[in-house]
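Here the sequence shown stands for residues -19 to -1, 1 to 178, where the numbers follow mature numbering (1 follows the signal peptide of the UniProt record, and there is no 0).
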Amino acid sequence: MSRLFAAALASALAFPVLAAGPQQAPDLAALLQDTRAKALPILPQVVAAMQTAVKEKGVEGAIPECREKTPRLLQSLRERTGWQIQRVSLKARNVGTGTPDAWEARQLADFDIKVANGAKAEQLESSEIVTGPDGKRYFRYMKALPVGEVCLKCHGPAETLPAGLKTALATNYPADRATGYRLGEVRGALSVRRLVP
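Take a look at the structure:
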């Protein structure tokens, strides 16, 4: 009887140790697939909102719509997922919300190099698990945003933009740096940061 009790006690004491063992490595493929599935559908919505605004109000008239609607779409996605999601660029239009952190800036610079070497901007993405300043692990993901035809109306070479548009941009975005792009370049990226479970 004492052997049976000793075996049961040893088994019970060993279980918590096993349960508290090393963390399982995160499934990177599953994190990437889940992030793409939940975050990327926002991109066609943003483009459609911009195209509709430009069609209905003209490029200059669409600026307030773009400035307000896109952040609302992203905020809604953040609320649904609980993730940090934003658009960032090395030449941000809204420096308060679009300036990349160090990790994002590295990915954007890498995207630019790849496009300069012949890669298609719309095919570029980057992801990895990083440890944040808080000591927690985060899955970071970025999807490049290519410059399309509609983008050039507001983000093309500054000398080609009409005076009224330049004035509207200066009024709405006093620190704007988001002009001078050419078709197919990387305008910026959708950036996602989520806690690794």
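Ideal Cβ placement from N, Cα and C applies to all residues, glycine included.
Quiz item: Do you know how far the Cα of Lys72 is from the Cα of Ser108?
Solution: As a first step, residue 108 is located in the sequence shown; it is residue number 127 there, counting from the start. As a first step, residue 72 is located in the sequence shown; it is residue number 91 there, counting from the start. Spanning the two alpha carbons is a distance of roughly 21 Å.
Quiz item: What distance in whole Å lies between the Cβ atoms of Thr51 and Val27, which are believed to be in contact at a cut-off of 8 Å?
Solution: One-based indexing of the sequence shown puts residue 27 at position 46. One-based indexing of the sequence shown puts residue 51 at position 70. With 8 Å as the limit, Val27 and Thr51 qualify as a contact, their Cβ atoms being about 5 Å apart.
Exercise. Could you pull out every residue in the same chain whose Cβ sits closer than 6 Å to the Cβ of Asn153, ignoring the five residues on either side in sequence?
Key: In the sequence shown, residue 153 corresponds to position 172, counting from 1. In its chain, beyond the 5 residues on either side, Ile44, Arg48 have a beta carbon closer than 6 Å to the beta carbon of Asn153.
Quiz item: Just curious, the alpha helix (DSSP H) that Thr152 is in, first and last residue?
Solution: What you label residue 152 is simply residue 171 of the sequence shown in a count that begins at 1. Counted as a single uninterrupted DSSP element, the alpha helix (DSSP H) harbouring Thr152 occupies residues 144 to 153.
Quiz item: When the Cα atoms are used, what is the spatial distance from Gln65 to Lys117?
Solution: Counted from its first residue, the sequence shown places residue 65 at position 84. Counted from its first residue, the sequence shown places residue 117 at position 136. The alpha-carbon of Gln65 is positioned some 14 Å away from that of Lys117.
Quiz prompt | Inter-residue spacing [alpha-carbon to alpha-carbon] between Ala149 and Asp8 | solution = Numbered from its first residue, the sequence shown carries residue 149 at position 168. Numbered from its first residue, the sequence shown carries residue 8 at position 27. Taking the straight line from one Cα to the other gives about 46 Å.
Quiz item: Can you tell me the Cα-Cα spacing of Ala10 and Asp93, whole angstroms?
Solution: Residue numbering aside, residue 10 sits at position 29 when the sequence shown is read from its first letter. Residue numbering aside, residue 93 sits at position 112 when the sequence shown is read from its first letter. Their backbone Cα atoms lie some 25 Å apart in a straight line.
Quiz item: Cα separation between Val177 and Gly165?
Solution: Walking along the sequence shown from the start, residue 177 turns up at place 196. Walking along the sequence shown from the start, residue 165 turns up at place 184. Distance between the alpha carbons of Val177 and Gly165 is about 33 Å.
Quiz prompt | 6 Å CB neighbourhood of Val131 in its chain, flanking five on each side removed | solution = As a working mapping, residue 131 is identified with position 150 in the sequence shown. So the list reads Gln32, once near-sequence residues are dropped.
Self-check item: According to DSSP, residues forming a beta bridge with Thr51
Solution: Taking the sequence shown and counting its residues from 1, one reaches residue 51 at position 70. Its beta-bridge partners do not exist; DSSP assigns none.
Quiz item: Near Glu106, what residues of its chain come up, given a Cβ to Cβ distance below 6 Å and the 5 sequence neighbours on each side ignored?
Solution: Against the sequence shown, residue 106 aligns to sequence position 125. For Glu106, the CB contacts under 6 Å within the same chain, skipping 5 residues up- and downstream, are Lys124 in chain order.
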